[in-house]
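Enquirer: I have a structure I would like to understand better, so I am pasting it below and will then ask my questions one at a time.
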Amino acid sequence: MSRVRTRPTRDDTRDKLFEAAARVFEEDGIGGASIEAIAAAAGFTRGAFYSNFKSKDELIIAMLEDHVEQSIRRNLDILAQHDNLDDFIAALKAMDRSRQDPLGRSPLLHMEMILFVARAEKRRPELAKRLRARRKLVADIIEATLKSNGRNDNLNPPWIASVVLALEDGFRLHRLIDPETTPADSFLRAIMDLRRRTGLASA
């Protein structure tokens, strides 16, 4: 009886490369990490790497894209279960972050990769595309909250979304630099304050 061989899917291979790249980037730095080291850490050959990505830059863009897609999907899933903003924020607080993608688990690596992409002008449009996707998600949540509260004020959801994302990135950086005076829930606490001051509080 012949044995059935199961080969990893393309998604499995990419996920392993993402995880391996995160480990190598944290150990060697993004600039010092080689494709050979990333492939070896994933248990693959250099050829297997190139069958999925043309370059290290393409791998990094793919990791950022995967992070944004997972973040959006996760937030939409939570929003589908909790349309009340208080409940939504509480669910975000309770989320198991150990199950997130590598960039979700490592704020330092997340920031380093964003800076790596932003340093090269030709890479910035790809990064901007991900930023706009995050901004649209937050703006949609704000609009849905306004409607559920029966409000139709002159608030500008896209602009508030930009403020929210700037707060998130800022607190992420502050937490890395000074964790003793920047609690882990600083961002969500700031959102609670912001919603009260913008009329997004529950009626």
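Under full-length UniProt numbering, the first residue of the sequence shown is numbered 1, with each subsequent residue one higher.
Quick reminder that beta carbons are idealized off the backbone N, C-alpha and C, glycines included.
Owing to the predicted nature of the structure, the values given are computational and were not obtained by experimental measurement.
Looking at the secondary structure, which residues open and close the alpha helix (DSSP H) in which Pro102 lies?
Expert: Reading the sequence shown from its first residue, position 102 is the one you call residue 102. Taken as a continuous stretch (DSSP letters only), the alpha helix (DSSP H) holding Pro102 covers Pro102 to Arg105.
Enquirer: Could you give the distance in angstroms between the alpha-carbon of Ala203 and the alpha-carbon of Arg130?
Expert: What you label residue 203 is simply residue 203 of the sequence shown in a count that begins at 1. What you label residue 130 is simply residue 130 of the sequence shown in a count that begins at 1. No answer about Ala203 holds up, because its pLDDT of 47 lies below 50 and its placement is not dependable.
Enquirer: Determine whether the beta carbon atoms of Glu27 and Leu108 lie at a separation below 9 angstroms.
Expert: The count along the sequence shown starts at 1 and reaches residue 27 at position 27. The count along the sequence shown starts at 1 and reaches residue 108 at position 108. No.
Enquirer: Looking at the ligand NAD, does it come within less than 8 angstroms of Pro158, judged from the CB to the closest heavy atom?
Expert: Absent from the structure shown: the ligand NAD. Ligands present: none.
Enquirer: Return the chain-ordered list of same chain residues with a C-beta closer than 6 angstroms to the C-beta of Thr6, the five sequence neighbours on each side being excluded.
Expert: The residue you call residue 6 lines up with position 6 of the sequence shown. Residue placement at Thr6 is flagged as unreliable, the pLDDT there being 46, under the threshold of 50; a coordinate-derived value is accordingly withheld.
Enquirer: Between the alpha carbons of Ser2 and Thr9, how many angstroms are there, rounded?
Expert: Residue 2 sits at position 2 when you count from the first residue of the sequence shown. Residue 9 sits at position 9 when you count from the first residue of the sequence shown. A caution first: Ser2 carries a pLDDT of 46, below 50, which makes its placement in the model unreliable, though a value can still be read off. Spanning the two alpha carbons is a distance of roughly 21 angstroms.
Enquirer: Which residue from Ala161, Arg124 and Pro102 puts its Cα closest to that of Asp140?
Expert: Against the sequence shown, residue 140 aligns to sequence position 140. It is Ala161 whose Cα lies nearest to the Cα of Asp140.
Enquirer: Exposed or buried, which one is Asn75 when buried takes at least 16 other CB atoms within 10 Å?
Expert: Numbered from its first residue, the sequence shown carries residue 75 at position 75. Buried, since its Cβ has 16 or more Cβ neighbours within 10 Å.
Enquirer: Report the residue from Val24, Thr182 and Phe116 whose alpha carbon sits nearest the alpha carbon of Leu64.
Expert: On the sequence shown, residue 64 is found 64 positions in, with the first residue counted as 1. Answer by Cα proximity: Phe116.
Enquirer: With burial defined as no fewer than 16 other Cβ atoms inside 10 Å of the residue's Cβ, what is the status of Arg46: buried or exposed?
Expert: Taking the first residue of the sequence shown as position 1, residue 46 is located at position 46. With fewer than 16 Cβ atoms within 10 Å of its Cβ, Arg46 is classed as exposed.
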